[in-house]
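Here the working numbering = 1-based position in the sequence shown + 172.
Every residue gets a Cβ at the ideal spot worked out from N, C-alpha and C, and that includes glycine.
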Amino acid sequence: MNHRFATLDGIDDIAPVKARSALRDASHQLIERGLLDAAQWCLELLSCVPHPQGAPLSTPRLGTDEFAHKFPVHSTPALNLESPSWANEEQVGEGATSWMSWENTSPSGQSRGMPSPARSMDPPTSPDEHLHVRISEPSQRNQNSMQYDDVYLLAKTFFDRENFQACIAHLEEQQDLSDKARFLLLYAKLLMYDMHPTKPNELLPPLAYADKSAIDGAHPVLVSLLQDLISPSDPFLLFLKGVILRKLHKRIEAMDCLISSLRAFPYNWSAWKELSRTLNQKNAEREQILDLLPSSFMSVFFLEYSQRQSTQIDLEHFERIDALLMHFPRSAYLLTCRAQALYLHQELEDAADTFQHALELQPYRLDGISEYSNTLYVLDREDTLAQLVQQFAHVSNSAEIWCMRGNFYNQRGEHFRAVESFKQALRLDQECVAAWILLGHEYLEVKNSHAAAEMYRRAIELNPHDYRPWHGLGHVYELNEAWSAAIDYYQQCAMIRPHDARMWASLGVCYDRLGRNAQAIECFKRHLTFRGGNCTDYRAV
C-alpha cells in the first residue's frame, strides 16, 4: 500500500509563507483565465493561512514623520509642492501613454521618483520651477505586449459579462494568440457548448454526453475543440483538454492530461475535481497515481475530496481533515468537508453542529448547504431548516440552494413544489449529483417509480461511486416487488459500503422475500455486526 501523503511531513509548500505566496499568485492566474470557482477556492484558503506572530494583516500605513515633507500641509495644494509642467506632451502613438520610467529633472536636483497623483495635477509654484517628466519610448516588444494585453482585456471583459459569443468573435479576429488568450477562446467555446437554454416549464436539461450524438459518435463541437489542443504544453490548456476528453468518455487520456496539468500548476482546484471524476475506485486508481501527484498540500486536499466523493469514510479520512485544519485553521471549506464526512458516516448530530460552525465562520457560504439541509431534514429540525431557507432567500442562481428549498418543501408535504425546486437545481447545474438523487427520492414520494429510477440512473452516470443512487434504484425495485433486480442494486451498495449495516439489512429483506433463507440470515448477521445508528429514513441513505 502506498503511504505517500499519509502525513503532511515533507510537503514542499505547506509552510505558511510558501502557502500564502503560492495561493495568492495562483488566484491571479486563475482569475485572468475566468476560472472563478478555483480562484475563489484559493482565496478562501489563503485567508485561513496563519500569519506569523505579530505580523500585520494588511499593508502598514506610511510613517507620518518620515513622509510628511512629501505631501501638502496647507489647504491650498499648490503651496510648498513641486509639480510637473507637462511641457512635453506629444503623443508617441496609441497605447504609448504607459510611462515606462519617471525622472525628476527639476533644477533643485532632488530626486523624488514617481510623482504622486496630487502633485501631477497641480500647476508649478513659480514660472522658473518645473518638474520635468521624461516618458521613455516603449520598445517594439513592449508595444506588441501592450497590444496583446488590449486584445485580451476586451475579450476578458466580454467573458466576464457572459457574452461568450462576443469574446469568441473578438479573439478569432486576431492572428497570434498567447496561450492565455487561446485558453479563453477555447474555454468560452466549451461554456457555449455546455449551456442548454431551458424554458421555465421545460422538464429537465439533457446531459451533455447523454444525447444521441454520444451514442452515434463524438459530438462535433467537442471534436473541433480537441483539434485545437493537439499537443499543448500550457497547464491550463492541458486542463481544458482533460475536461474535453472526459466529456468524450476518454477517461485514461483525460487523466493523463489532468495529471500533467497539475504537475505544472497544482493550485487549480477545478482540475483536481475533474481528475477525481476520471478515477475508477474499483481498481484503486487513486492509490496507483499517488507517485504521479505533485508534492503539494493540494494533493492532500485532492485525496480527501476524492475519498469523500466515493462515500468511503473511515478514521483515516477524519485524520486527514484534522491534519489540514492544523495548517489552515478556521477554514470553512475544511469544516464543511468534515461535516459532510460525518453525514456520510451517519453521525448526524455532530454533522449538523459542524455545518453550523462553518456557517458561523462564513455566514453566506453556499457549498455544503444541500447536505446541511439533508441533515436537518433527517433530524427533523424543521425550524432550523426554515431559518436556513430564509437566510438564503436572496439567492436564486445556486443549485445547492434549490436543493435546500426542495428539502424544505418536502418536509412541509408540498411535494410538487419540491419536485420543481430540484428541477430548477438541475437547470442551473446538470451535473449536481445530489439534485438527481433528491429528485428521485421526491418522485418516490409522489408514487412515480419509473421517473425515480430514471433520476437515480442519471446520478449513477455522473458518479458511479456514490452508493446513494444505487440504493435508490434497489428501493424502487423492492417497492415493485422485483426482488432479484433489487438484490443486484443493493449488492452494488454493499460493494461500495461493505461496513454499512443498512445495505445488508436491505439485502436480507430481499433474500427473505425470495425464500433464500441462508443468504438472508447471513446478511442480517452482518447487519447486526455493523449496526451503529438507528436511522431508517431512506432519504438519509
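Item                                                                                                                                                                                      : Value
State the start and end residues of the unbroken alpha helix (DSSP H) segment that holds M470.                                                                                            : 469 to 481
What does the alpha-carbon distance come out to for the pair L412 and Y365?                                                                                                               : 13 Å
Only counting the same chain, and skipping five residues up and downstream in sequence, which positions put a Cβ closer than 6 Å to that of D684?                                         : A692
Identify, in the order they occur along the chain, each residue of the same chain with its Cβ nearer than 6 Å to the Cβ of A673, setting aside the five sequence neighbours on each side. : H699, F702, R703
How is the alpha helix (DSSP H) around V221 delimited, first residue to last?                                                                                                             : Taken as a continuous stretch (DSSP letters only), V221 belongs to no alpha helix (DSSP H), as it is neither H nor E.
May I have the straight-line CA-CA distance separating T526 from E345, to the nearest angstrom?                                                                                           : 52 Å
Identify whether C575 lies in helix, strand or coil by the three-state DSSP scheme.                                                                                                       : helix
With H, G and I counted as helix, E and B as strand and the rest as coil, what does DSSP make of S593?                                                                                    : helix
Can F502 and C220 be called in contact, C-beta distance under 8 Å?                                                                                                                        : The residue asked about is misnamed: residue 502 is Arg in this sequence, not Phe. A contact, by the Cβ cut-off of 8 Å.
For my contact list, L180 and H671 are in at a C-beta cut-off of 8 Å; report their separation, rounded to the angstrom.                                                                   : So it is not a contact: roughly 27 Å between Cβ atoms.
Consult DSSP for H566 and reduce its assignment to one of helix, strand or coil.                                                                                                          : coil
Are the beta-carbon atoms belonging to A210 and W441 less than 8 Å from one another?                                                                                                      : yes
For E543, tell me which candidate among S193, L560, D555, R599 has the shortest Cα-Cα distance.                                                                                           : L560
Please confirm whether F565 and G578 have their CB atoms less than 8 Å apart.                                                                                                             : A small fix is needed here, since residue 565 is Ala in this sequence, not Phe. Going by C-beta atoms, A565 is not nearer than 8 Å to G578.
Leaving aside the five residues before and after G644 along the sequence, list all residues of the same chain whose C-beta is less than 6 Å from its C-beta, in chain order.              : G612, Y628
Nearest to K419 by CA position, among V393, P438, S545, is which residue?                                                                                                                 : V393
In the DSSP assignment, find the unbroken alpha helix (DSSP H) run with K352 in it and report its ends.                                                                                   : 351 to 366
Would you check if there are 3 or more beta carbon pairs closer than 8 Å linking the stretch 481 to 499 to the stretch 524 to 541?                                                        : no
Measure the Cβ-Cβ separation of C575 and A623 and say whether it is below 8 Å.                                                                                                            : no
At what residues does the alpha helix (DSSP H) containing D522 begin and finish?                                                                                                          : 520 to 533
Taking L363 as the reference, which of L451, R423, L401, V415 has the closest Cα?                                                                                                         : V415
Helix, strand or coil for R669, going by three-state DSSP, please let me know.                                                                                                            : coil
Can you name, in chain order, every residue of its own chain whose Cβ lies under 6 Å from the Cβ of A115, other than the five neighbours on each side?                                    : Any property of residue 115 remains undetermined from this structure, which presents the chain solely from 173 to 713.
By the three-class DSSP mapping on this structure, what secondary structure does R703 have?                                                                                               : coil
Hey, quick one: how far does the alpha helix (DSSP H) through G646 stretch, first residue to last?                                                                                        : 639 to 651
If I follow the unbroken alpha helix (DSSP H) through F500, where does it start and stop?                                                                                                 : Careful: F500 lies outside any alpha helix (DSSP H) and carries neither H nor E.
Assuming R449 is part of the alpha helix (DSSP H), what are its boundary residues?                                                                                                        : 441 to 450
Could you name the residues of the same chain whose beta carbon sits closer than 6 Å to that of A511, not counting the 5 residues immediately before and after it, in chain order?        : A523, T526, F527
If you run the structure through DSSP and keep just helix, strand and coil, what is K190?                                                                                                 : helix
Could you tell me the boundaries of the alpha helix (DSSP H) in which F408 lies?                                                                                                          : 407 to 419
Helix, strand or coil for I485, going by three-state DSSP, please let me know.                                                                                                            : coil
With H, G and I counted as helix, E and B as strand and the rest as coil, what does DSSP make of T547?                                                                                    : helix
Report back the beta-carbon spacing between Y639 and C665 to the nearest angstrom; my notes put them in contact at under 8 Å.                                                             : 5 Å
What does the alpha-carbon distance come out to for the pair V323 and L349?                                                                                                               : 9 Å
Smallest Cα separation from Y549: which of Y515, R537, D539, A530?                                                                                                                        : Y515
Spatial neighbours of N582 within its chain, please: CB distance less than 6 Å, with the 5 preceding and 5 following residues excluded, ordered by chain position.                        : A590
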